[in-house]
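Asker: Quick one: the structure is below, and I'll ask about it shortly.
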Amino acid sequence: MTSLTSLLRPSIASASRAWIRETAFPTLRSQLFDGGIPGQLQVRTATKRGGGSTRNGRSSAGRRLGLKKTSDQYVLPGNIIVRQRGTVWHPGQHVGMGRDHTLYALQPGWVRFYREPRKVPPGTTVVPGPSPRNLRKERKLCGIVLDKSETLPRDVEALGTSRRFDLVDLTQIEAVMGTGAKGAGAA
């Protein structure tokens, strides 16, 4: 008996589905989709999901800020060393600063990054304790040395200021010109 009911049930179910498909559904379909029911609009199903609006997606490209030359790297005049917003790095020896705080080389040489204590302007008092000005006790500087073995900050009292024309050998120029530089200036 169980086997007979299990055999009959699928055929009954499929027959009822077939009857609905053949008789009831086509008339309902024609009434809904063909506008057969008066005052009824045609029904459409969505084939794609609706695209909502978004508040993202309009950011600008990166500005490529940061160090462009590293320490002990050789630079030529005009080479950009640091691109920055504000003065995180300050210009040191033989380094210039552009309008947008870009640091660039003024002389050919090797890049050095170093720190220097902040100078307290005359007439100002240092407030003891934690204050925003006391937290920044050192400035970060970028400089260029003309000799690779040189370090920064330069000891100006002992070595003097760094100038490019100090690297020119005046004795060779005097030998080529035939007269001494002092004698030519006196005449």
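Those letters in the sequence shown? Residues 422 to 608, per this note's numbering, in order.
Heads up, the beta-carbon is just placed ideally off N, CA and C, and yes, glycines get one too.
Going by DSSP in three states, V541 sits in which element: helix, strand or coil?
Answerer: Within the sequence shown, residue 541 is the residue found at index 120, counting from 1. Reduced to three states, the DSSP call for V541 is coil.
Asker: Determine whether the beta carbon atoms of L573 and L562 lie at a separation below 9 Å.
Answerer: As a working mapping, residue 573 is identified with position 152 in the sequence shown. As a working mapping, residue 562 is identified with position 141 in the sequence shown. Contact flag set, yes.
Asker: Does the pairing of the segment 482-496 with the segment 529-536 give three or more beta-carbon distances under 8 Å?
Answerer: Yes, since at least three Cβ pairs between the segment 482-496 and the segment 529-536 fall closer than 8 Å, the two stretches touch.
Asker: With respect to the beta strand (DSSP E) encompassing L524, which residues constitute its N-terminal and C-terminal limits?
Answerer: Indexing the sequence shown from 1 puts residue 524 at position 103. Run containing L524: L524 to A526, per the beta strand (DSSP E) assignment.
Asker: Using DSSP with H/G/I as helix, E/B as strand and the rest coil, what is E571?
Answerer: On the sequence shown, position 150 is the one that residue 571 refers to. E571: coil per DSSP, three-state reduction.
Asker: Alpha carbon to alpha carbon, how far is E578 from G507? Give it in angstroms, no decimals.
Answerer: In the sequence shown, residue 507 corresponds to position 86, counting from 1. In the sequence shown, residue 578 corresponds to position 157, counting from 1. The straight-line gap from Cα to Cα measures roughly 31 Å.
Asker: Are the beta-carbon atoms belonging to H511 and I565 less than 9 Å from one another?
Answerer: Here residue 511 is taken as the residue at index 90 of the sequence shown, counted from 1. Here residue 565 is taken as the residue at index 144 of the sequence shown, counted from 1. For H511 and I565, no; Cβs fall outside 9 Å.
Asker: So, with DSSP's three-state summary, where would you put V509?
Answerer: As a first step, residue 509 must be located in the sequence shown, where it is residue number 88. Coil at V509, not helix or strand.
Asker: So what's L383 in DSSP terms, helix, strand or just coil?
Answerer: Beyond the ends of the chain as shown, which are 422 and 608, falls residue 383; an answer cannot be given.
Asker: Have a look at N500 and R470 and give me their C-alpha separation to the nearest angstrom.
Answerer: Residue 500 sits at position 79 when you count from the first residue of the sequence shown. Residue 470 sits at position 49 when you count from the first residue of the sequence shown. Taking the straight line from one Cα to the other gives about 54 Å.
Asker: State the Cα-Cα distance for the pair L567 and T592, rounded to the nearest angstrom.
Answerer: Stepping through the sequence shown from its first residue, residue 567 is reached at position 146. Stepping through the sequence shown from its first residue, residue 592 is reached at position 171. Spanning the two alpha carbons is a distance of roughly 20 Å.
Asker: Hey, how far is the Cα of S421 from the Cα of R536?
Answerer: Nothing about residue 421 can be reported from this structure: the residues present for the chain run from 422 to 608 only.
Asker: Note the first and the last residue of the continuous beta strand (DSSP E) segment covering V577.
Answerer: Residue 577 sits at position 156 when you count from the first residue of the sequence shown. No beta strand (DSSP E) contains V577, which is instead part of the alpha helix (DSSP H) from V577 to L580.
Asker: Which residues does DSSP list as the beta-bridge partners of K561?
Answerer: Within the sequence shown, the letter at position 140 stands for residue 561. Per DSSP, W510 and R536.
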